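Participant: In my numbering, the protein residues as written are 439 to 617.
Ideal Cβ positions, reconstructed from N, Cα and C, are used throughout, including at glycine.
Predicted model, so just to flag it, every value in this text is computed and none were measured.
Sharing a structure below in structure tokens format, with a few things to ask.
Structure follows, in structure tokens:
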């Protein structure tokens, strides 16, 4: 339908939140990158990055004030941000506060975690943060979480089918896989 009356029209001005987009589990005392896309960037273009939750008192909270509209913001989640499962990020353009977008779905902020769980009957859509909610694969743990030295992946008994090699990057050095 390009160049026809049926073609959709893209907005001239916009902001779109890309990350987090829902389902992420971000831990306190770690830094995560919030990402968005916007038609306005360059010198002087700024946004506000806002954290919202319906279950946390004091929400919304501005976590990035007058951030350069570069498309990314590194957010250090301190222990001042309480654990909750219903957070969303909003990015608001300061040149036009009506241009706003939010995470596609909710994400979780959790206390620091060092044990992760995998089981033969696990589900990669599960959190993997406790023995009753294991993921189905080590690869799913590595893709979902930013593991640190001293973290442990606890693998339950059984026979696992692995379709490809599980790549442990240098950043995963010091992670213990036990099972």
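(1) Excluding the 5 residues preceding and the 5 following residue 553 in the sequence, name in chain order all residues of the same chain whose CB lies nearer than 7 Å to its CB.
(2) When burial is assigned at 16 or more other CB atoms within 10 Å of the CB, is residue 560 buried or exposed?
(3) Would you mind working out which of 596, 598, 587 sits nearest residue 608, comparing C-alpha positions?
(4) Can you pull the DSSP bridge partners for residue 468?
(5) Only counting the same chain, and skipping five residues up and downstream in sequence, which positions put a Cβ closer than 6 Å to that of residue 573?
(6) Looking only at its own chain, which residues have a Cβ that is under 7 Å from the Cβ of residue 541, when we skip the five neighbours before and after it?
(7) Determine the direct distance from the alpha carbon of residue 494 to that of residue 452, and round the result to whole angstroms.
(8) Going straight from the alpha carbon of residue 522 to that of residue 531, what length do you get?
(9) On the DSSP bridge list, what partners appear for residue 538?
(10) Tell me which same chain residues have a C-beta within less than 6 Å of the C-beta of residue 613, skipping the five on either side of it?
(11) Using the DSSP secondary-structure output, state which residues sit across from residue 590 in a beta bridge.
(12) On the DSSP letters alone, give me the boundaries of the alpha helix (DSSP H) that residue 456 sits inside.
(13) So residue 581 is in the alpha helix (DSSP H); what residue range does that whole segment cover?
(14) Pick from 463, 443, 507: whose alpha carbon is nearest that of residue 551?
(15) If you compare alpha carbons, which of 443, 485, 474 is closest to residue 536?
(16) Would you report the Cα separation of residue 596 and residue 450, rounded to the nearest angstrom?
Facilitator: The structure says:
(1) Here residue 553 is taken as the residue at index 115 of the chain shown, counted from 1. These residues qualify, in order along the chain: 590, 592.
(2) Mapped onto the chain shown, residue 560 falls at position 122. It counts as buried.
(3) For the purposes of this step, residue 608 is taken as the residue at position 170 of the chain shown. Checked all of 596, 598, 587; the closest Cα to residue 608 is 587.
(4) Within the chain shown, numbered from 1, the residue matching residue 468 stands at position 30. Residue 468 pairs with 515.
(5) In the chain shown, counting from the first residue as 1, residue 573 sits at position 135. Cβ within range, chain order: 556, 560, 562, 564, 566, 579.
(6) Indexing the chain shown from 1 puts residue 541 at position 103. Same-chain partners within the cutoff: 455, 458, 459, 460, 526, 527.
(7) Start at 1 with the first residue of the chain shown, and residue 452 comes out as number 14. Start at 1 with the first residue of the chain shown, and residue 494 comes out as number 56. For residue 452 and residue 494, the distance between alpha carbons rounds to 29 Å.
(8) One-based indexing of the chain shown puts residue 522 at position 84. One-based indexing of the chain shown puts residue 531 at position 93. If you take the alpha carbons of residue 522 and residue 531, they lie about 26 Å apart.
(9) Taking the chain shown and counting its residues from 1, one reaches residue 538 at position 100. DSSP, once it has assigned bridges, lists 530 as partnering residue 538.
(10) Taking the first residue of the chain shown as position 1, residue 613 is located at position 175. So the qualifying residues of the chain are 585, 589.
(11) As a position in the chain shown, residue 590 is number 152, starting the count at 1. Residue 590 is bridged to 553, 614.
(12) Position 18 of the chain shown, counted from the first residue, corresponds to residue 456. Unbroken run through residue 456 is the beta strand (DSSP E), 453-457; no alpha helix (DSSP H).
(13) Counted from its first residue, the chain shown places residue 581 at position 143. Per DSSP, the unbroken alpha helix (DSSP H) holding residue 581 starts and ends at 576-582.
(14) Counting from 1 along the chain shown, the entry for residue 551 is found at position 113. Closest by alpha carbon: 463.
(15) Position 98 of the chain shown holds residue 536. For the residues 443, 485, 474, the minimum Cα distance to residue 536 belongs to 485.
(16) Stepping through the chain shown from its first residue, residue 596 is reached at position 158. Stepping through the chain shown from its first residue, residue 450 is reached at position 12. For residue 596 and residue 450, the distance between alpha carbons rounds to 55 Å.
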